[in-house]
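Numbering (our numbering), first residue to last: 4 to 620.
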């Protein structure tokens with residue numbers, strides 16, 4: 004890794020021997036990988052912030068594709084140029100402004116789009132991720148080189164350690180935010196790296212230094228870290244893309260209401276600095292708390308948000324808080340997610356508005372597909388295979404085997420579905436070579452219902468009895484608000500019919516980002532079963548919920564091996580424990596995951612993979 008990396012490792016080893024004030028006896032030496040610098044000069048500009056500023060001024064900003072290409076290539080090369088930390092810092096900060104400009108301009112290609120992005124949109128999203136990753140690498144070079152020089156005899160007069168670590172944490176946080184918006188698996192070691200950046204800042208005694216940030220607001224280095232911790236423990240899989248976008252700026256101010264300490268035994272959340280995981284609810288850790296875990300206390304923040312909410316007009320769509328505009332829905336969600344009652348019961352609030360719903364697993368699957376045919380989902384050409392990753396916070400689900408009663412539970416036992424499972428429909432898709440995109444097989448309807456109240460976990464609704472669709476407890480439904488870009492998946496918990504030809508029902512939200520698949524039960528020898536509709540639910544790392552699969556009542560059962568297919572991307576899984584005992588569907592844990600013996604995609608984008616993209620942006 005070069006001389007700087009070895010100096011840095013030596014410094015950390017010495018630090019861990021001398022400083023014993025922390026209880027992290029199991030903490031290993033911090034290991035940060037940085038690229039070697041082999042070039043003496045950039046081919047794009049001279050060294051120094053002024054030279055970069057002049058180069059940036061000549062960028063063709065109206066041509067987003069060309070500007071992005073120039074920035075990408077210049078930044079890639081800059082990370083291999085030998086520079087003093089202060090000089091590199093000045094140059095990176097000059098590049099950061101146009102990088103954010105192009106990143107925001109490119110976001111139209113992948114935000115507010117269907118969950119299943121087309122190939123071009125996937126490439127654009129990968130490009131923006133890579134741009135911020137390159138920027139983060141540059142700031143990592145500044146931080147590590149500054150520390151390495153400080154431990155030698157070549158210390159700079161004003162090493163930019165605090166600013167570099169603040170920027171480093173922010174760029175990594177931005178990429179996590181983007182991946183959450185796109186319901187993508189987080190890059191491996193995303194959380195672990197952030198924890199290490201925090202610990203490095205703590206070792207350097209720069210946590211309380213305030214850093215100016217024109218993009219997201221000034222805050223301390225510690226607050227920049229707490230900001231992303233707050234996002235990770237906010238149940239982000241339940242948030243909309245717009246809300247995740249608006250979250251970042253006020254979160255810098257919200258972080259000031261939080262504390263992060265080792266000996267805080269009353270904190271709602273725990274952060275294990277050695278894990279590649281976000282903060283989790285303390286109660287999920289049990290009685291044993293690892294010595295490398297810190298307590299994230301959000302009590303004062305929850306009180307602050309509750310007060311703001313109390314003094315706000317709940318009928319408006321958006322409110323201003325801490326000089327930032329956020330949705331009322333987001334404020335309500337965060338207040339409950341970060342409160343002491345969040346993990347015990349749902350708080351019901353009076354709400355008005357309408358929801359569009361579809362009833363049944365097949366209908367929900369259809370609308371999650373954006374109305375595309377099931378035949379196109381399972382038979383579109385392509386032989387890309389991929390593996391369900393354990394670190395993916397969105398490819399895992401919401402198991403609920405022993406769920407406590409909450410406001411969405413039926414007040415009467417008779418509301419539970421006691422229908423004969425054998426009468427439940429089985430969604431077989433007949434295999435043939437004909438185009439069935441517009442056949443009646445894929446014909447599904449949706450209906451408008453009225454919202455009566457809401458909580459963090461679901462809604463209370465009223466629906467007319469003349470919809471023609473039987474509403475029954477234990478049924479999977481899809482839900483969508485007019486302002487939402489995609490459908491969410493929920494389950495009816497109870498139903499009550501009134502005398503005014505209206506039905507009341509309580510629904511529990513299962514996932515905002517479920518993914519539709521075709522599932523084929525693996526048969527012996529040369530037999531091939533038909534594809535059936537299934538829905539894959541995401542993992543929620545904050546509350547230790549693993550990935551699960553929603554299926555029809557029959558013919559699925561524990562122990563079966565399935566091939567999942569989504570537009571030619573195929574994976575094999577094994578059904579584990581069944582989590583539900585009632586209802587018209589099954590919910591299984593996914594016990595084993597195996598990759599198919601087909602060529603896999605490249606693990607990450609290369610420079611030339613974007614060559615065909617520049618003139619299309």
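We treat Cβ as the ideally placed atom computed from N, Cα and C, and that holds for glycine. These numbers were taken from a predicted model, which means no experiment stands behind them.
N- and C-terminal bounds of the beta strand (DSSP E) containing residue i
{"i": "residue 357", "result": "357-362"}
{"i": "residue 132", "result": "Where residue 132 is concerned, there is no enclosing beta strand (DSSP E), although the alpha helix (DSSP H) it sits in stretches over 122-153."}
{"i": "residue 456", "result": "450-457"}
{"i": "residue 260", "result": "Looking at the DSSP string, residue 260 is not in any beta strand (DSSP E), and its letter there is neither H nor E."}
{"i": "residue 466", "result": "461-467"}
Residues sharing a beta bridge with residue i, DSSP
{"i": "residue 222", "result": "214"}
{"i": "residue 583", "result": "None, per the DSSP bridge assignment."}
{"i": "residue 497", "result": "509"}
{"i": "residue 328", "result": "323"}
{"i": "residue 275", "result": "296"}
{"i": "residue 589", "result": "554"}
{"i": "residue 353", "result": "456"}
{"i": "residue 537", "result": "520"}
{"i": "residue 483", "result": "359"}
{"i": "residue 284", "result": "272"}
{"i": "residue 548", "result": "543"}
Simplified DSSP assignment, three categories, for residue i
{"i": "residue 321", "result": "strand"}
{"i": "residue 94", "result": "helix"}
{"i": "residue 570", "result": "coil"}
{"i": "residue 373", "result": "coil"}
{"i": "residue 367", "result": "helix"}
{"i": "residue 620", "result": "coil"}
{"i": "residue 84", "result": "strand"}
{"i": "residue 116", "result": "coil"}
{"i": "residue 46", "result": "coil"}
{"i": "residue 492", "result": "strand"}
{"i": "residue 514", "result": "strand"}
{"i": "residue 251", "result": "helix"}
{"i": "residue 561", "result": "coil"}
{"i": "residue 100", "result": "helix"}
{"i": "residue 474", "result": "coil"}
{"i": "residue 381", "result": "helix"}
{"i": "residue 339", "result": "helix"}
{"i": "residue 89", "result": "helix"}
{"i": "residue 230", "result": "helix"}
Residue i and residue j closer than 7 Å at C-beta
{"i": "residue 138", "j": "residue 102", "result": "yes"}
{"i": "residue 39", "j": "residue 85", "result": "no"}
{"i": "residue 511", "j": "residue 562", "result": "no"}
{"i": "residue 554", "j": "residue 523", "result": "no"}
{"i": "residue 90", "j": "residue 109", "result": "no"}
{"i": "residue 357", "j": "residue 453", "result": "yes"}
{"i": "residue 174", "j": "residue 135", "result": "yes"}
{"i": "residue 521", "j": "residue 568", "result": "yes"}
{"i": "residue 188", "j": "residue 236", "result": "no"}
{"i": "residue 288", "j": "residue 273", "result": "yes"}
{"i": "residue 246", "j": "residue 195", "result": "no"}
{"i": "residue 186", "j": "residue 547", "result": "no"}
{"i": "residue 233", "j": "residue 263", "result": "no"}
{"i": "residue 301", "j": "residue 327", "result": "no"}
{"i": "residue 106", "j": "residue 131", "result": "yes"}
{"i": "residue 77", "j": "residue 47", "result": "yes"}
{"i": "residue 589", "j": "residue 559", "result": "yes"}
{"i": "residue 97", "j": "residue 165", "result": "no"}
{"i": "residue 276", "j": "residue 312", "result": "no"}
{"i": "residue 220", "j": "residue 258", "result": "no"}
{"i": "residue 214", "j": "residue 147", "result": "no"}
{"i": "residue 224", "j": "residue 169", "result": "yes"}
{"i": "residue 3", "j": "residue 538", "result": "For residue 3 there is no data in the structure shown, the boundaries of the chain being 4 and 620."}
Residue range of the unbroken alpha helix (DSSP H) whose run includes residue i
{"i": "residue 167", "result": "164-184"}
{"i": "residue 2", "result": "The shown model of the chain, from 4 to 620, leaves out residue 2, and the question about it has no answer."}
{"i": "residue 36", "result": "Where residue 36 is concerned, there is no enclosing alpha helix (DSSP H), given that its DSSP letter is neither H nor E."}
{"i": "residue 79", "result": "67-81"}
{"i": "residue 303", "result": "302-313"}
{"i": "residue 195", "result": "193-206"}
{"i": "residue 52", "result": "52-60"}
Anticipated Cβ contact below 8 Å, residue i with residue j, distance rounded
{"i": "residue 620", "j": "residue 593", "result": "Not confirmed; about 37 Å, so no contact."}
{"i": "residue 536", "j": "residue 370", "result": "About 12 Å separates the two Cβ atoms, so there is no contact after all."}
{"i": "residue 459", "j": "residue 340", "result": "7 Å"}
{"i": "residue 456", "j": "residue 353", "result": "5 Å"}
The ligand NAD heavy atom lying under 6 Å from the CB of residue i
{"i": "residue 272", "result": "In terms of ligand content, the structure shown is empty, and the ligand NAD therefore cannot be addressed."}
Interface flag, residue i vs chain D, CB-CB below 7 Å
{"i": "residue 166", "result": "No chain D is present in this structure, which holds just one protein chain."}
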